[in-house]
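Have a look at the structure below, then the notes.
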Amino acid sequence: MKPQQRYTSAELSRAITIERAIRSVTELRQTAISLEEELADLLQKTSPACRESAYNLVHYLAIRRHDLRELQRELIRLGLSSLGRMEAHVMASLDAVLGTLYRLDQRPIPSDLEQEAPITFAVGSALLAENAVAILGPSPKQHNTRVMVTIPSEAAHDPKIIYNLLAQGMNVMRINCAHDHPEAWEKMILNLRAAQRQLGKSCRISFDLAGPKLRTEQIEPGPELIKCKPTRNVLGQVIKPEKIYFTSQPHTLPDKNNVIPIQGNLLELAKVEDQIRLTDTRGSRRFLNVIEVNKTTCICESNKTTYLVSDTKLSLYRGKKLIAKDTVTQISPQPQAITLAEGDSLLIIQGEILGKSAVLDEQGNLIQPACIGCSLPEVFRDVKIGERIFFDDGKIAGIIREVFENRFRVEITSVVNGKDKLKSEKGINLPDTTLNLPALTEKDIQDLEFIAQFGDMVALSFVQQPEDIEQLITELKRAGGEHLGIILKIENQQAFDQLPRLLLTAMQHPPLAVMVARGDLGVELGFERLSEVQEEILWLCEAAHIPVIWATQVLESLAKGGMPSRAEVTDAAMGSRAECVMLNKGAYIDKALQFLCDVLGRMQAHQDKKTSMLRKLSISDL
């Protein structure tokens, strides 16, 4: 009789761990297959080009319904993969781990594990790369992550803007259909085509549909006045004169506070070093030095604060000689804002009303609360008492306390710095409210006619449910835009909650990508959850082999102010895990683009999706 084999406690513990791991991984594998069978009808609707990716996504979703942490610890102790990087090749990862566990246990491998999974390790990574190229174009030589840049309105009239962006690394030009008009968009595209020919570079064009944006309406205008004020130091000394632009064509200049419309009589006669003299609203005499002149604009500098209104008289002098006279024409009313603090009430009113600040008596008691309109009448049908509301990217927060037929009252509960100003055209977020709105507006449907002719991809704003995507696909077919790629903008609570079904629905119409719109998403879900949520979106998209666009406030301080914050630099580096990073427009967008491309190039050698790449470290030598 053969003596019974004796095990040490360590060997016995290891054998038990292996057996438990085999059982757990087998159950996970069966769970994935069961969900695939359950969703068979939905999976069959996906495009054949996306079918295997759709299966992989469903397998991943099935497994992530379970807490895998204890299993992962056991696999790590056995020296095996922890399944922490299985997104792109779920079944292949399970089969590889399960096969190794059987070998460790010296048991025959089941026949179904011997068959190669459709999405192998190599195929999973390759599919994501191919899908990224299909919608976003080839990646640059320096790094795998493309850069999308939002184009400012001025680019329609200034070809240098797009030329410089393309030269410095822009791979996708983004046009926001919420701004400008088709004529301006076409000029931007013509400028891009010219730059492409000159530089020999390719660049895709993406259009963002405006969607049913929920924003504050106009506020009662202020005086028709422009205040031009030089920059002073703490001692009150002028360190930078203020530039004032007297022009006969104000619409051709960038949006500046000190663009003054004039009749234009002095433009043909003015020369550098001439002087424009005037009396401002306070009766103060002002002498402005001419520093630049062209056919439409005379640019002056002033060392003193100047208040200008319509019909202000201007005199052009050369030395002591009067050369010409001119007049300021119609100055637009200055935009106003409503000041709000914690505890204040704000009425949101339906209809075309002008917002007003609160009315107080001489003792400071409230006579009438502040009020403002909002852009979507459907809101008044859907909001409920107790729901949260946010304004201006979450800077002002409140709770809905009363709801009436055509208005509701908000109690302001939180304001940045205790007090802030609410302006017109600022975003409104209602994270607790189910808004019954179509994702496509009449304007969006009209814009699709243009986009189908000139675009490479279209971004669907305010997507909430699969039906929104189906409507877009239908309208694309009608407009002859079946060739367009689709970008799903995930920017609200409903879109995040519905993300798996949104992805499976969009996989009926490849190519596609997902944009993580972190501005609205942070407000809707809470900034404390944003890091977690954007990780989950990255995971699901990798499982579906769908490229991700990392968007909103990337290097915003640098793009707008010329200097990045420390946190923004780290955030930009995190963007290397996506297939594309989006930059918004700003005065220093060229600088931000150069900086981002440099960061992405440096991170290329360190990070590939979730995997840290272990190149030689320059600090490793002792």
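Position 118 of the sequence shown, counting from 1, maps to 118 under UniProt numbering, and the rest follow consecutively.
Ideal Cβ placement from N, Cα and C applies to all residues, glycine included.
Entirely enclosed beta strand (DSSP E) segments - the UniProt domain "Pyruvate kinase barrel" (144 to 233), minimum 3 residues: Segments of the beta strand (DSSP E) lying fully in the UniProt domain "Pyruvate kinase barrel" (144 to 233): 146 to 150, 172 to 176, 204 to 208 and 225 to 228.
N492 classed as buried or exposed, judged by whether at least 16 other C-beta atoms fall within 10 angstroms: For the purposes of this step, residue 492 is taken as the residue at position 492 of the sequence shown. Counting every other CB atom within 10 Å of its CB across the protein chains shown gives N492 a total of 16 or more, marking it as buried.
Sequence-distant residues of the same chain with beta carbon closer than 7 Å to A184, five excluded per side: Here the question's residue 184 lines up with position 184 in the sequence shown. Contacts found: S153 and A156.
Rounded separation between E532 and V415 - CA only: Sequence index remark: in the sequence shown, residue 532 carries index 532 (1-based). Sequence index remark: in the sequence shown, residue 415 carries index 415 (1-based). Per the coordinates, the alpha-carbon of E532 lies some 25 Å from the alpha-carbon of V415.
7 Å CB neighbourhood of A517 in its chain, flanking five on each side removed: Taking the first residue of the sequence shown as 1, we reach residue 517 at position 517. If we look at A517 and ignore the five residues flanking it on each side, its Cβ neighbours are K489, I490, E491, A551 and T552.
Contiguous alpha helix (DSSP H) assignments of at least 4 residues, all confined to the segment 530 to 613: As far as the segment 530 to 613 is concerned, its whole alpha helix (DSSP H) runs of at least 4 residues are 556 to 561, 566 to 574 and 589 to 603.
Residue nearest to S357 in terms of C-alpha spacing, selected from G351, E242 and L347: Taking the first residue of the sequence shown as 1, we reach residue 357 at position 357. L347 is the residue among G351, E242 and L347 whose C-alpha sits nearest the C-alpha of S357.
Enclosing beta strand (DSSP E) for G418 [first to last residue]: Residue mapping note: residue 418 aligns to position 418 of the sequence shown, counting from 1. Here G418 belongs to no beta strand (DSSP E), and DSSP marks it neither H nor E.
Distance between beta carbons of I349 and G373, contact taken as under 8 Å: Stepping through the sequence shown from its first residue, residue 373 is reached at position 373. Stepping through the sequence shown from its first residue, residue 349 is reached at position 349. Between G373 and I349, the beta carbon gap of about 5 Å places them in contact (Cβ cut-off 8 Å).
Nearest candidate by alpha-carbon position, reference E524, set R407, P438 and K395: Mapped onto the sequence shown, residue 524 falls at position 524. Proximity to E524 across R407, P438 and K395 peaks at K395, based on C-alpha coordinates.
I16 versus L83 - alpha carbon distance: As a position in the sequence shown, residue 16 is number 16, starting the count at 1. As a position in the sequence shown, residue 83 is number 83, starting the count at 1. Their backbone Cα atoms lie some 20 Å apart in a straight line.
Residue range of the unbroken beta strand (DSSP E) whose run includes G485: Within the sequence shown, residue 485 is the residue found at index 485, counting from 1. For G485, the enclosing beta strand (DSSP E) starts and ends at G485 to I490.
Ordered list of alpha helix (DSSP H) runs contained in the segment 66 to 111, each at least 4 residues: Within the segment 66 to 111, the complete alpha helix (DSSP H) runs of at least 4 residues are 69 to 77 and 90 to 104.
Sub-8 Å separation of I331 and P261 beta-carbons: To locate residue 331, count along the sequence shown from 1; it is residue 331. To locate residue 261, count along the sequence shown from 1; it is residue 261. Taking 8 Å as the Cβ cut-off, I331 and P261 qualify as a contacting pair.
Member of C177, P182 and V147 whose CA lies at the smallest distance from the CA of A167: The count along the sequence shown starts at 1 and reaches residue 167 at position 167. Cα-wise, what sits closest to A167 is V147.
Identity of the residue in I161, P48 and G79 nearest K591 by Cα: Position 591 of the sequence shown holds residue 591. The shortest Cα separation from K591 among I161, P48 and G79 belongs to I161.
Reference I537, options T46, R51, L57 and S9, closest by Cα: Within the sequence shown, the letter at position 537 stands for residue 537. Among T46, R51, L57 and S9, the Cα nearest to that of I537 is on L57.
Nonlocal neighbours in the same chain, by C-beta distance under 8 Å from R286, ignoring five residues either side: Here residue 286 corresponds to residue number 286 of the sequence shown, with the count starting at 1. If we look at R286 and ignore the five residues flanking it on each side, its Cβ neighbours are R277, L278, T279, D280, S302, K304 and T306.
Cβ separation of I412 and A341, assumed to be a contact under 8 Å, to the nearest whole Å: For the purposes of this step, residue 412 is identified with residue 412 of the sequence shown, where counting begins at 1. For the purposes of this step, residue 341 is identified with residue 341 of the sequence shown, where counting begins at 1. Sure, about 7 Å apart at Cβ, within 8 Å.
Spatially closest choice to L484 from V403, P510 and A567, by CA coordinates: Counting from one through the sequence shown, the residue named residue 484 turns up at place 484. Ranked by Cα distance from L484, the first of V403, P510 and A567 is P510.
Short Cβ contact (8 Å threshold) for N258 with I226: Indexing the sequence shown from 1 puts residue 258 at position 258. Indexing the sequence shown from 1 puts residue 226 at position 226. Closer than 8 Å, so yes.
Inter-residue spacing [alpha-carbon to alpha-carbon] between L214 and R197: Position 214 of the sequence shown, counting from 1, holds the residue named residue 214. Position 197 of the sequence shown, counting from 1, holds the residue named residue 197. Whole-angstrom Cα-Cα distance: 40 Å.
Beta-carbon proximity list for R529, same chain, < 6 Å, skipping 5 on both sides: If you number the sequence shown from 1, residue 529 lands on position 529. There are no such residues.
E405 - DSSP class collapsed to helix/strand/coil: Taking the first residue of the sequence shown as position 1, residue 405 is located at position 405. It is coil, neither helix nor strand.
Alpha-carbon spacing of R20 relative to V403, whole angstroms: Mapped onto the sequence shown, residue 20 falls at position 20. Mapped onto the sequence shown, residue 403 falls at position 403. Their backbone Cα atoms lie some 57 Å apart in a straight line.
Residue of G355, L360 and G343 minimising C-alpha distance to V410: Residue numbering aside, residue 410 sits at position 410 when the sequence shown is read from its first letter. Minimum Cα distance to V410 is reached at G343.
Local Cβ density within 10 Å of S13, reported as buried at 16 or more and exposed below that: Translated into positions along the sequence shown, residue 13 becomes position 13. Counting Cβ neighbours within 10 Å, S13 comes out exposed, since fewer than 16 surround it.
Buried or exposed (CB count within 10 angstroms, at least 16 for buried), G575: Position 575 of the sequence shown holds residue 575. Label assigned to G575: buried.
Span separating the alpha-carbon of N597 from that of Q30: Locating residue 597 in the sequence shown gives position 597, counting from the first residue. Locating residue 30 in the sequence shown gives position 30, counting from the first residue. It should be pointed out that residue 597 corresponds to Cys in this sequence rather than to Asn. Rounded to whole angstroms, the gap between the alpha carbons of C597 and Q30 is 44 Å.
Ranges of the beta strand (DSSP E) found wholly within the segment 31 to 71, counting only runs of at least 3: Segments of the beta strand (DSSP E) lying fully in the segment 31 to 71: there are none.
Beta-carbon separation (whole angstroms), M457 vs I486, contact threshold 8 Å: Residue 457 sits at position 457 when you count from the first residue of the sequence shown. Residue 486 sits at position 486 when you count from the first residue of the sequence shown. About 7 Å separates the two Cβ atoms, so the contact holds.
For F287, the residue or residues it bridges with in DSSP: One-based indexing of the sequence shown puts residue 287 at position 287. R277, per the DSSP bridge assignment.
Enclosing alpha helix (DSSP H) for K313 [first to last residue]: Counted from its first residue, the sequence shown places residue 313 at position 313. For K313, there is no enclosing alpha helix (DSSP H); the residue is part of the beta strand (DSSP E) that begins and ends at K313 to R318.
Per-residue burial, F207 [other beta carbons within 10 Å of its own, 16 or more giving buried]: Looking up residue 207 in the sequence shown gives position 207. F207 sits buried, since 16 or more C-beta atoms from the chains shown fall within 10 Å of its C-beta.
Contact between the segment 244 to 252 and the segment 463 to 475 (3+ Cβ pairs under 8 Å): Contact fails: fewer than three Cβ-Cβ distances are below 8 Å.
Beta-ladder partner(s) of T327, from DSSP: Numbered from 1 along the sequence shown, position 327 holds the residue referred to as residue 327. For T327, which the question treats as bridged, DSSP gives the partners K313.
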